[in-house]
Amino acid sequence: MSEASDHSPRSPDNPEPLRVVLAKLGFDGHDRGLKVVARTLRDAGMEVIYLGLRQTTDSIIAACEQEDADAIGLSMHNAGHLTLAPRMVQAVDEAGLAVPVVIGGIVPAEDVNVLIEAGVAAVLGPGASAEEVVAAVEAAVTRPSAGR
Numbered sequence: 000m001s002e003a004s005d006h007s008p009r010s011p012d013n014p015e016p017l018r019v020v021l022a023k024l025g026f027d028g029h030d031r032g033l034k035v036v037a038r039t040l041r042d043a044g045m046e047v048i049y050l051g052l053r054q055t056t057d058s059i060i061a062a063c064e065q066e067d068a069d070a071i072g073l074s075m076h077n078a079g080h081l082t083l084a085p086r087m088v089q090a091v092d093e094a095g096l097a098v099p100v101v102i103g104g105i106v107p108a109e110d111v112n113v114l115i116e117a118g119v120a121a122v123l124g125p126g127a128s129a130e131e132v133v134a135a136v137e138a139a140v141t142r143p144s145a146g147r
């Protein structure tokens, strides 16, 4: 089991940037949006650990532990969000990590609350602005229940 991250969100007292692991969980091969998110977060001053396509919960957890990540960002475009996102949240919990999971992609409006109830910190849809993406990650990390 791993200890929770020692990082805290950026602030005047802590100028260290947030560290975000970005990945495509499962067999979804559409990664253009995730690459845009990677650049958006990097341009906002965050450190991005881009794992790319076809990752597993185990590979994402390992990267979070090795990189001392503050958040996980997953891109969902294969209609597997109701299975894969809760599975990722469960894997984070089982690893003993205090790392929120943020997802973006094609998620029907009726599924958003289901994902939030399953422990996903935030859900971003197509067309989310750069400001919305950055704000969602920052809010997920600073939320008292971040990482549950």
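Going by numbering that gives the first Met the number 0, the final residue of the sequence shown carries number 147, and the count climbs one at a time with no gaps.
By construction, the Cβ of each residue, glycine as well, lies at the ideal position given by its N, Cα and C atoms.
1. Assign residue 107 to one of two classes, buried (16 or more other C-beta atoms within 10 Å of its C-beta) or exposed (fewer than that).
2. Go ahead and pull the three-state DSSP assignment for residue 87.
3. Leaving aside the five residues before and after residue 42 along the sequence, list all residues of the same chain whose C-beta is less than 7 Å from its C-beta, in chain order.
4. Which class does residue 142 belong to by DSSP, given the choice of helix, strand or coil?
5. Beta carbon of residue 115, beta carbon of residue 75: below 8 Å?
6. Using the C-alpha atoms, what's the distance from residue 62 back to residue 69?
7. Would you please state the rounded distance, in angstroms, between the beta carbons of residue 67 and residue 18? I believe it to be under 8 Å.
8. Do you know how far the Cα of residue 130 is from the Cα of residue 138?
9. Assign residue 34 to one of two classes, buried (16 or more other C-beta atoms within 10 Å of its C-beta) or exposed (fewer than that).
10. Expressed to the nearest angstrom, what Euclidean distance is found between the alpha-carbon atoms of residue 80 and residue 86?
11. Cα separation between residue 36 and residue 133?
In this structure, then:
1. Taking every protein chain shown into account, the CB of residue 107 has fewer than 16 other CB atoms within 10 angstroms, so this residue is exposed.
2. Three-state result, residue 87: helix.
3. Result list for residue 42: empty, nothing under 7 Å.
4. It is coil, neither helix nor strand.
5. Result no, Cβ atoms of residue 115 and residue 75 do not sit closer than 8 Å.
6. Each residue's Cα considered, the two are about 11 Å apart.
7. Right, the Cβ-Cβ distance comes to about 6 Å (below 8 Å), so this counts as a contact.
8. Taking C-alpha positions only, residue 138 is separated from residue 130 by approximately 12 Å.
9. Answer is exposed; the Cβ neighbour count stays below 16.
10. Going from the Cα of residue 80 to the Cα of residue 86 covers about 9 Å.
11. A direct Cα-Cα distance of roughly 9 Å separates residue 36 from residue 133.
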